[in-house]
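Chains as they are written, first to last, in the numbering used here: chain E, 37 to 254; chain D, 37 to 254.
I have placed the structure first, in the form of structure tokens, so that the comments after it can refer back to it.
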């Protein structure tokens with residue numbers, strides 16, 4: 037039977053009002069590359085995709101679920117986790133969302149105060165949910181930092197009980213290439229050279245399948 | 037001599053930290069359609085383009101200036117306004133930006149308060165700058181609202197001393213089509229049916245050129 041992989045991809049958006057939102061520059065290219073690498077390995081894929089210009093086709097072996105916010109992404113993950121052998125959280129989700137979403141576009145004030153204050157609340161943590169509710173699934177996370185990358189990534193790997201984490205510095209966002217460090221549960225570290233996201237994706241998929249097969253045969 | 041048109045296009049982004057930003061879903065499709073319609077009318081175009089997946093080619097008659105924030109967009113407009121006969125502000129600029137931009141990615145707090153507060157300050161008003169500093173230029177603005185659209189648009193037309201305003205409801209963002217109302221300085225109103233952004237762009241360019249020629253011959 038085909039190995040089933042659940043992938044999250046792209047950014048999420050958290051609306052302040054019907055027009056403005058908080059997001060990030062994630063292009064969704066890594067998610068798409070992961071989907072393609074998984075399909076090449078004859079896996080079945082479900083991809084939960086935040087809004088980006090990258091298009092992923094719905095096919096017999098690839099189901100695409102479009103979402104906007106982190107909460108929507110979590111709902112789709114909750115519904116589909118049970119079908120997965122491997123979960124790869126490649127989405128750059130928004131950690132925070134506005135506490136209140138204005139019903140109408142907030143008008144620019146022309147009199148009085150020049151400032152407005154937006155209160156943000158923490159979003160649910162998707163990968164934490166997956167780790168708490170996983171059965172036999174292999175769980176792969178991503179870390180993106182502007183400083184202390186490897187140390188933060190190792191902490192995240194441990195705290196979120198991941199099997200592998202892909203550590204990227206922030207230059208990878210929107211870029212065609214990436215030079216991540218793969219850090220494994222068993223302490224192994226694999227630094228990839230600056231290569232295309234397609235090559236990185238192939239590596240991540242192959243490593244994930246490798247871990248899945250090891251667990252399965254235990 | 038060719039008529040020169042300065043166009044702003046796409047959204048702008050206002051960074052909270054090196055990863056997160058505030059923006060909107062403007063696709064830049066209207067800006068691109070305006071550029072193409074202007075080039076078909078043998079105009080020379082300078083387009084100041086905020087980040088979006090839409091690509092506009094730099095050619096002999098079309099200079100593309102890429103920008104990120106509203107302040108960057110204003111700087112590019114300031115430098116290029118003097119070359120223009122017509123200014124079309126089609127960009128969906130961010131009205132507000134974070135008062136402070138964090139140097140490093142803000143870490144999600146795992147202890148203590150679940151909320152963070154972002155203080156936003158008003159951005160400079162690009163179309164107001166153009167209206168205050170214009171000489172003979174025709175100035176065309178856009179209005180996008182979720183309620184009281186026509187009334188807000190008429191107020192903006194008057195306050196910003198525009199020659200024409202294109203009033204859209206918020207469903208037009210990211211869409212291929214649009215059904216705007218064109219409102220003119222002389223009080224005329226022209227409601228367009230739901231048509232492609234290419235058709236709307238052609239209409240806007242033709243009307244703008246018409247106004248420019250009328251002014252020129254006065």
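For each residue, glycine too, the CB sits at the ideal point set by N, CA and C.
Any non-hydrogen atom of the ligand FAD within 7 Å of residue 37 of chain E CB: Of the ligands one can find in the structure shown there are none, so the ligand FAD has no counterpart to examine.
Extent of the continuous alpha helix (DSSP H) run through residue 185 of chain D: 185–195
8 Å CB neighbourhood of residue 107 of chain D in its chain, flanking five on each side removed: 133, 159, 160
Opening and closing residue of the alpha helix (DSSP H) in which residue 242 of chain D lies: 233–253
Nearest candidate by alpha-carbon position, reference residue 178 of chain D, set D:82, D:242, D:124: D:124
Under 8 Å between C-beta atoms of residue 128 of chain D and residue 62 of chain D: yes
Residue-chain proximity (residue 198 of chain D, chain E), Cβ-Cβ < 8 Å: no
Rounded distance between the beta-carbons of residue 89 of chain E and residue 237 of chain E, thought under 8 Å: No, residue 237 of chain E and residue 89 of chain E are not in contact; Cβ-Cβ is about 18 Å, not under 8 Å.
Residue 208 of chain D: contacting residues in chain E (beta-carbon distance under 8 Å): Within chain E, no residue comes near residue 208 of chain D; the closest Cβ sits about 11 Å away, beyond 8 Å.
Closer than 8 Å to chain E by CB, residue 105 of chain D: no
Residues sharing a beta bridge with residue 151 of chain D, DSSP: E:157
Whole-angstrom distance between residue 227 of chain D and residue 149 of chain E, CA atom to CA atom: 36 Å
Spatial distance of residue 93 of chain D from residue 100 of chain D (CA atoms): 7 Å
Closest Cα partner of residue 232 of chain E within the set E:224, E:165, E:209: E:209
Residues bridged to residue 50 of chain E (per DSSP): E:58
Span of the beta strand (DSSP E), counted from its first residue to its last, around residue 204 of chain E: 200–205
As assigned by DSSP and simplified to three states, the class of residue 102 of chain E: strand
Any C-beta of chain E under 8 Å from that of residue 154 of chain D: yes
Distance between beta carbons of residue 245 of chain D and residue 77 of chain D, contact taken as under 8 Å: 6 Å
Contact list for the stretch 86–105 of chain E against chain D, Cβ threshold 9 Å: 87, 88, 89, 90
Reduced DSSP secondary structure (H/G/I, E/B, other) of residue 83 of chain D: strand
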